[in-house]
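Numbering (our numbering), first residue to last: 704 to 996.
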């Protein structure tokens, strides 16, 4: 089975590391530039993984299974190249933040990603989790990979199916809306939740976002209000020095993924008077993005 991974950042590199342990997988890890491998740092230990990173512009192959693990800000740029890498049965797993891009490719499989890490100049720091969740359906190639991961005792990546996938996906979106917004705008890490003032602001942001999902989602789902406290408790478990994707992007002066996270919820609203905190946060994040290519 030929597997391609697009994006050699925190998510893509960790997926590649684990899939490289499985026999009979022909693996390609792709990014904007070539590298001979990458270093992953976890719990203070740095390990070099000699998994070659290929320049995506040089790839002229088709794959059975593709993981898109880039930033959503790169989707438009890689769309044509990815389409060329797909045959009629190729399955494509979105290992991405946010929602609203599902129809960009055929045979696409959205996932909820629980892999927390940071890409630095010299290494990728892995903080928490190595887990993807997909909808409980039958898949041609992904099912084969799931079975291989289950029987291979050397791998720590899990890909799980869930009948509650759609609910879990909205909840992960909401988690990202909360923590990415406040860390990016404050340029501070998870230690920001030591501030009760910041916790209260995040609760308001989450309450507005939950209300939008409950009123406007087309899947018949309801997010219980207890989710807000669960989200806050989740944030409080993060290591103080842990940032978010938007936090690191702002520090590095890169575009942020607001279009498919905060802006996705704003676009769901029918009444432009709804969710003033969410709208303010989204406007500020979009304002930052205006100067980024």
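For glycine and all other residues, C-beta sits at the position ideal for the given N, C-alpha and C.
So does residue i have its beta carbon nearer than 8 Å to some heavy atom of the ligand COA?
| i | result |
| --- | --- |
| residue 937 | Looking for the ligand COA in the displayed structure turns up nothing, as the structure carries no ligands at all. |
Taking the C-alpha atoms as reference points, what is the distance between residue i and residue j?
| i | j | result |
| --- | --- | --- |
| residue 819 | residue 947 | 8 Å |
| residue 716 | residue 778 | 18 Å |
| residue 884 | residue 988 | 8 Å |
| residue 880 | residue 909 | 8 Å |
| residue 772 | residue 710 | 5 Å |
| residue 893 | residue 979 | 24 Å |
| residue 783 | residue 903 | 43 Å |
| residue 981 | residue 855 | 44 Å |
| residue 776 | residue 896 | 27 Å |
| residue 833 | residue 916 | 27 Å |
| residue 997 | residue 713 | No answer is possible for residue 997: the residues shown for the chain start at 704 and end at 996. |
| residue 754 | residue 838 | 29 Å |
| residue 958 | residue 930 | 29 Å |
| residue 774 | residue 876 | 15 Å |
| residue 1049 | residue 949 | Any property of residue 1049 remains undetermined from this structure, which presents the chain solely from 704 to 996. |
| residue 662 | residue 938 | With the chain represented from 704 up to 996, any question about residue 662 goes unanswered, as that position is not in the structure. |
| residue 788 | residue 920 | 33 Å |
| residue 955 | residue 739 | 24 Å |
| residue 851 | residue 858 | 10 Å |
| residue 821 | residue 974 | 37 Å |
| residue 725 | residue 860 | 11 Å |
| residue 906 | residue 767 | 43 Å |
| residue 993 | residue 756 | 31 Å |
| residue 878 | residue 871 | 10 Å |
If you compare alpha carbons, which of the options is closest to residue i?
| i | options | result |
| --- | --- | --- |
| residue 737 | 759, 718 and 722 | 759 |
| residue 961 | 920, 712, 889 and 802 | 802 |
| residue 944 | 891, 839 and 756 | 891 |
| residue 971 | 953, 843, 911 and 729 | 911 |
| residue 785 | 870, 859, 956 and 763 | 763 |
| residue 752 | 720, 730 and 746 | 720 |
| residue 747 | 886, 829 and 901 | 829 |
| residue 728 | 749, 705, 740 and 734 | 705 |
| residue 918 | 969, 964 and 907 | 969 |
| residue 951 | 889, 781, 761 and 780 | 889 |
| residue 882 | 940, 871, 865 and 861 | 940 |
| residue 995 | 756, 953 and 976 | 953 |
| residue 899 | 924, 936 and 928 | 936 |
| residue 805 | 765, 901, 826 and 869 | 869 |
| residue 749 | 827, 708 and 722 | 827 |
Which residue or residues does DSSP assign as beta-bridge partners of residue i?
| i | result |
| --- | --- |
| residue 771 | 709 and 797 |
| residue 1003 | Residue 1003 cannot be examined here, being either before or after the span of the chain that is shown, 704 to 996. |
| residue 789 | 766 |
| residue 812 | 796 |
| residue 965 | Answer is none; residue 965 lacks a bridge partner. |
| residue 944 | Partner(s): none; residue 944 has no beta bridge. |
| residue 827 | 743 and 822 |
Using a Cβ cut-off of 9 Å (strictly closer), state whether residue i contacts chain C.
| i | result |
| --- | --- |
| residue 805 | The structure shown contains no chain C; it is built from a single protein chain. |
Length at least 3, wholly inside the stretch 831 to 907: the beta strand (DSSP E) runs in chain order: List check, beta strand (DSSP E) in window: 861 to 865.
Please go through the stretch 723 to 768 and give each complete beta strand (DSSP E) segment of 3 or more residues, from N-terminal end onward. Qualifying beta strand (DSSP E) stretches, in chain order: 729 to 734, 741 to 745, 748 to 752 and 756 to 758.
Touch test, the stretch 787 to 799 against the stretch 832 to 852, Cβ-Cβ under 8 Å, three pairs minimum: yes
Which parts of the stretch 966 to 995 are runs of the alpha helix (DSSP H), unbroken and 4 residues or longer, counting only runs that do not cross its ends? 979 to 992
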